[in-house]
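One structure is given below, encoded as structure tokens.
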């Protein structure tokens, strides 16, 4: 029997005014954001609905904002979408764990707020960076990073699909690697406007500090397996879920392998729950045979509820 996967996007999919129609039409979505305000002690809902954008895009705010929005969308579906497996891209993994019942919404918000702060603080501003390399084989990019690793840290951070790899590390090493990728035939190699070298070894201090913070949080067995970024395995054991969340901060997100594994597990339909449609685009590039749909507004929710 064919299976359904529900996936949640990560940082970069946020925008001011996201899901405003859902908040207006679904009381449970509005209540979810009010709950987030209470947990965090500031007006996250106004930041989501009205900005300013630079404040919303600050990592420590982006992370709880996206989890709140994604959980609000999931709750608005009113249990009408049954998932066999859940997964998330980086930060999206927290939304997956909340919606699968492994993490409470309250704990997830506190965790990602702290996660965002630690990631922001791990590397001084301007010292780290990320770049997207398009139109080049993964192993070619890996080889260029390896050659530069004796100089400084630069490594793959996100395997987002065929010919789409994000690298991260020291800013000058990332720039050198991007330039060398262009010379070696990459279609594009763009420095990304991000505030840190996420999912690289430079994030290890953040991961170490986060381990102490998450140790105090209760994690339950999820109602459905969650395919985690760090292990690329279906996880149900709370201890493994916890250690994977720590490891994820300083290790690459292999979304390519995630989608391949979903297909191997018998998944035929993937629903992306969250603002934008980044993952749906990636999913189609990775495996065209999969049905990929987006749930990011009141119309897409109505289609499920119909």
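Residue numbers (the numbering used here): 6 to 311.
Just so you know, even glycine gets a beta-carbon here, dropped at the ideal spot from N, CA and C.
Source: prediction; values computed, not measured.
Apart from sequence neighbours up to five positions away, the residues of its chain that approach residue 88 with a beta-carbon distance below 6 Å are 9, 11 and 229, ordered along the chain. Contact check for residue 182 against residue 205 fails: the beta carbons are separated by 8 Å or more. Exposed is the label assigned to residue 57, since fewer than 16 other Cβ atoms lie within 10 Å of its Cβ. Note that the C-beta distance between residue 161 and residue 114 is not below 8 Å. Taking 4 residues as the shortest admissible run, the region 78-135 contains the following complete alpha helix (DSSP H) segments, listed from N- to C-terminal end: 97-104 and 110-127.
For residue 234, no alpha helix (DSSP H) encloses it, and the DSSP letter there is neither H nor E. Contact annotation, residue 290 with residue 166: C-beta distance approximately 4 Å; criterion of less than 8 Å satisfied. The closest CA to that of residue 36, considering only 129, 16, 81 and 223, is found on 81. In the assembly as shown, residue 33 is an exposed residue. Its beta-carbon has fewer than 16 other beta-carbons within 10 Å.
Just measuring C-alpha positions, the residue of 77, 238 and 170 sitting nearest residue 41 is 77. Residue 307 sits in a helix when the DSSP states are folded into three classes. Inclusion of residue 71 and residue 96 in the CB contact set at 8 Å is warranted, their separation being smaller than that value. For residue 218, the uninterrupted alpha helix (DSSP H) run begins and ends at 209-219, by DSSP. The criterion of a C-beta distance shorter than 8 Å is satisfied by residue 64 and residue 125. With contact defined as three or more Cβ pairs closer than 8 Å, the region 232-250 and the region 259-273 are in contact.
Counting the other CB atoms within 10 Å of its CB gives residue 185 a total of 16 or more, which places it among the buried residues.
The Cβ atoms of residue 277 and residue 295 lie no closer than 8 Å to each other. Across the set 281, 293 and 164, the C-alpha of 164 shows the shortest separation from the C-alpha of residue 142. Here residue 254 is actually not in contact with residue 224; their C-beta atoms are around 16 Å apart, not less than 8 Å. Judged by beta-carbon spacing, residue 73 lies beyond the 8 Å limit of residue 102, meaning their Cβ atoms are not closer than that value. Apart from the 5 residues on each side of it in sequence, residue 31 sits with its Cβ closer than 6 Å to the Cβ of 81 in its chain, given in chain order.
One alpha carbon belongs to residue 261, the other to residue 22, and they sit about 30 Å apart. According to the DSSP assignment, residue 286 belongs to the alpha helix (DSSP H) that extends over 283-291. Spanning the alpha carbons of residue 136 and residue 177 requires a straight line of approximately 11 Å.
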